[in-house]
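Residue numbers for the sequence shown, in UniProt numbering: 1 to 396. Idealized CB from N, CA, C, for every residue including glycine. Below is one structure, written out as structure tokens; the observations come after it.
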Amino acid sequence: METTDAFIGLTCVDCGETFDAEVGSHRCPDCDGILDPEYDYDAIDLSHSDLESRRFDTMWKYEELLPFTRDSAVTMDEGATPLVECPNLAEQMGVGRVLLKDEGRNPTGTFKDRGQTMALTAAAQHGATDVALASAGNAGQAAAAYAARADIQSHVFLPTRAGFTNKAMVNVHGGDMTVVEGRIGDAGAAYADAMEDEDWYSVKTFVTPYRHEGKKTMFYEIAEQMDWEVPDAVVYPTGGGVGLVGMHKAAKEFRELGLTDDLPAMYAAQSSGCAPIVKAWEEGTDVHEAWDTPDTICGGIEIPDPGASPMILDALRESDGGAVATSDEDILDSAVAVAQQEGLEMGATCAAAASGAWELAQQGEFDEDDTVVLLNTGTGNKDDDVLRSHLMGMGV
Numbered sequence: 001m002e003t004t005d006a007f008i009g010l011t012c013v014d015c016g017e018t019f020d021a022e023v024g025s026h027r028c029p030d031c032d033g034i035l036d037p038e039y040d041y042d043a044i045d046l047s048h049s050d051l052e053s054r055r056f057d058t059m060w061k062y063e064e065l066l067p068f069t070r071d072s073a074v075t076m077d078e079g080a081t082p083l084v085e086c087p088n089l090a091e092q093m094g095v096g097r098v099l100l101k102d103e104g105r106n107p108t109g110t111f112k113d114r115g116q117t118m119a120l121t122a123a124a125q126h127g128a129t130d131v132a133l134a135s136a137g138n139a140g141q142a143a144a145a146y147a148a149r150a151d152i153q154s155h156v157f158l159p160t161r162a163g164f165t166n167k168a169m170v171n172v173h174g175g176d177m178t179v180v181e182g183r184i185g186d187a188g189a190a191y192a193d194a195m196e197d198e199d200w201y202s203v204k205t206f207v208t209p210y211r212h213e214g215k216k217t218m219f220y221e222i223a224e225q226m227d228w229e230v231p232d233a234v235v236y237p238t239g240g241g242v243g244l245v246g247m248h249k250a251a252k253e254f255r256e257l258g259l260t261d262d263l264p265a266m267y268a269a270q271s272s273g274c275a276p277i278v279k280a281w282e283e284g285t286d287v288h289e290a291w292d293t294p295d296t297i298c299g300g301i302e303i304p305d306p307g308a309s310p311m312i313l314d315a316l317r318e319s320d321g322g323a324v325a326t327s328d329e330d331i332l333d334s335a336v337a338v339a340q341q342e343g344l345e346m347g348a349t350c351a352a353a354a355s356g357a358w359e360l361a362q363q364g365e366f367d368e369d370d371t372v373v374l375l376n377t378g379t380g381n382k383d384d385d386v387l388r389s390h391l392m393g394m395g396v
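This is the structure we're talking about:
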């Protein structure tokens with residue numbers, strides 16, 4: 001495998017065993033725990049000037065802190081997304097600055113591209129001919145796109161409620177799509193049944209060790225875009241929590257390397273119709289309880305049983321952050337408000353970050369000079385029908 005010099009291998013977050021990347025590819029073979037890429041940070045010599053001298057054109061500019069070399073990557077120049085100033089939101093929230101990290105500018109329109117470039121690079125280097133996953137929508141579209149780029153067949157299991165754009169583009173990219181009646185859990189069950197009979201390489205979240213590793217690059221970019229200052233808070237729309245876990249890891253890495261001085265407070269924002277992380281946070285537990293009856297229009301974060309909840313909750317605690325849930329109505333209202341006041345198009349699901357930030361501000365969670373970063377994890381046109389229907393319902 002074409003790996004970077006400092007990449008040691010994959011360490012199980014539960015039992016602590018480390019495996020060579022050529023041997024370990026998915027979950028821990030000893031205890032079925034999540035595997036996390038590990039590095040020899042003493043072998044990494046990076047300065048601000050080193051990074052600033054490189055073009056801000058793709059997330060792979062940070063390759064020393066990634067498992068695979070830039071030259072070996074299955075890539076479409078994902079990442080390098082803008083961090084947009086939002087003065088109207090800052091004034092309304094009563095904080096110093098609000099910045100929106102706009103992941104809708106990625107090749108397939110969401111931050112899922114950061115995870116799939118890494119996962120498909122691993123799949124290609126392991127010699128996979130077929131990859132598979134269950135997805136609420138966007139990750140399936142991204143997997144089909146990057147599989148096409150790598151000349152690998154993709155098998156995508158989506159619930160009926162997945163958006164039309166996702167379904168259409170899986171087909172357009174040549175993916176083998178199975179649409180399953182119901183919600184993400186039903187799609188996951190169909191995927192699991194198929195995996196018992198097929199020798200497919202999984203690119204499912206927290207099954208492959210690499211999707212959260214790709215998404216950590218969002219924080220690298222935020223830190224560089226802020227001239228190496230750390231935001232006071234990062235508010236993230238949370239379902240499986242992959243990006244939140246990844247960004248928290250990245251923040252610790254930059255601090256250890258002396259590139260930044262502190263950790264941002266990480267906040268998980270969920271819909272009140274499916275908020276297992278918020279419930280666990282409020283109850284002070286180390287792991288969530290599965291949400292019995294999920295009921296939210298925000299399908300991208302409707303994850304009733306997030307398997308990595310201990311990692312999410314650890315990140316919230318270690319960063320002195322928190323968790324917040326708001327109603328679907330508030331979330332959709334926030335998407336419209338951001339579009340009308342700042343011109344930025346947030347996905348319906350992604351607007352949980354804006355809605356959550358407004359709620360946190362009202363709770364007094366932020367100081368008046370704080371810098372708050374909102375993660376817009378996907379472009380608004382993925383959910384244009386949902387947003388326009390809500391707008392019409394508002395009588396606008």
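Cross-strand partners of residue i (DSSP beta bridge)
i: C28; result: DSSP, once it has assigned bridges, lists no residue as partnering C28.
i: P37; result: L10
i: F19; result: L10
i: M394; result: The partner list for M394 (beta bridge, DSSP) is empty, contrary to what the question assumes.
i: Y201; result: V131
i: M346; result: T379
i: T371; result: R97
i: T3; result: F68
DSSP three-state assignment for residue i, whether helix, strand or coil
i: P107; result: coil
i: M195; result: helix
i: G299; result: helix
i: G307; result: coil
i: A323; result: strand
i: V207; result: coil
i: V386; result: helix
i: R336; result: Residue 336 is actually Val in this sequence, not Arg. Here V336 sits in helix by DSSP.
i: A290; result: coil
i: I215; result: It is Lys, not Ile, that sits at residue 215 in the sequence shown. Note: K215 maps to helix in three-state DSSP.
i: A351; result: coil
i: E359; result: helix
i: E329; result: helix
i: E365; result: coil
Contacting residues, own chain, Cβ-Cβ under 8 Å from residue i (five flanking each side not counted)
i: G322; result: A265, Y267, A268, W281, L316, L360, E365
i: M311; result: V13, I34, G241, V245
i: C28; result: C12, D14, C15, E17, F19, I34, L35
i: E302; result: A136, R183, I184, G239, S271, G273, C274, P294, T296
i: A6; result: Y39, D40, Y41, A43, I44, E64, L65
i: A190; result: A134, F157, T178, V180
i: D30; result: C12, C15, E17
i: E198; result: D130, A132, H155
i: R388; result: none
i: residue 401; result: Residue 401 lies beyond the residue range present for the chain, which begins at 1 and ends at 396; the question has no answer from this structure.
i: S309; result: G241, P276, I277, A280, V287, H288
Cβ distance (whole Å) where residue i is taken to contact residue j below 8 Å
i: S154; j: A144; result: 5 Å
i: V278; j: A351; result: No, V278 and A351 are not in contact; Cβ-Cβ is about 16 Å, not under 8 Å.
i: Y39; j: L10; result: With a Cβ gap of about 11 Å, Y39 and L10 do not count as contacting.
i: V84; j: D102; result: 6 Å
i: E368; j: V95; result: 6 Å
i: V230; j: L263; result: 7 Å
i: L89; j: Q341; result: 7 Å
i: T379; j: T110; result: 7 Å
i: Y201; j: A251; result: Going by Cβ atoms, the distance from Y201 to A251 rounds to 30 Å, so no, they are not a contact pair.
i: D232; j: T371; result: 5 Å
i: K382; j: N138; result: 7 Å
i: L375; j: Y210; result: About 20 Å; that fails the 8 Å criterion.
i: residue 414; j: G175; result: Residue coverage of the chain in this structure runs from 1 to 396, which leaves residue 414 outside it and unanswerable.
Sequence-distant residues of its chain with Cβ nearer than 7 Å to residue i (five each side left out)
i: E181; result: T160
i: Q141; result: T108, N166, M169, V170
i: M1; result: A21, E22, Q125
i: W358; result: M93, S334
i: A73; result: W60, T117, T121
i: D328; result: S271, G273, T296, I297, C298
i: P87; result: none
Own chain partners of residue i with C-beta closer than 6 Å, once the 5 adjacent residues on each side are dropped
i: A80; result: F56, D57, T58
i: G299; result: A136, R161
i: M346; result: A335, V338, N376, G380
i: D113; result: E78, N106, P107, A142
i: G188; result: A134
i: Q305; result: It is worth fixing the name first, because residue 305 is Asp in this sequence and not Gln. Closer than 6 Å at the Cβ level, and outside the excluded window around D305, lie A290.
i: V203; result: A119, V131, L133, A143
i: V386; result: A348
Any non-hydrogen atom of the ligand SAM within 7 Å of residue i CB
i: M195; result: Summarising the ligand content, the structure contains no ligands, and the ligand SAM is consequently not present.
For this session: At 3 residues or longer, and completely inside the stretch 218-278: list those beta strand (DSSP E) runs for me, N to C.
Result: 233-237, 265-271
For this session: Please specify which runs of the beta strand (DSSP E), each continuous and at least 3 residues long, are wholly inside the stretch 104-192, giving them in chain order.
Result: 130-134, 153-159, 176-180
For this session: Scan the stretch 40-106 and note each continuous beta strand (DSSP E) run of 3 residues or more that stays entirely inside, going in chain order.
Result: 83-85, 97-102
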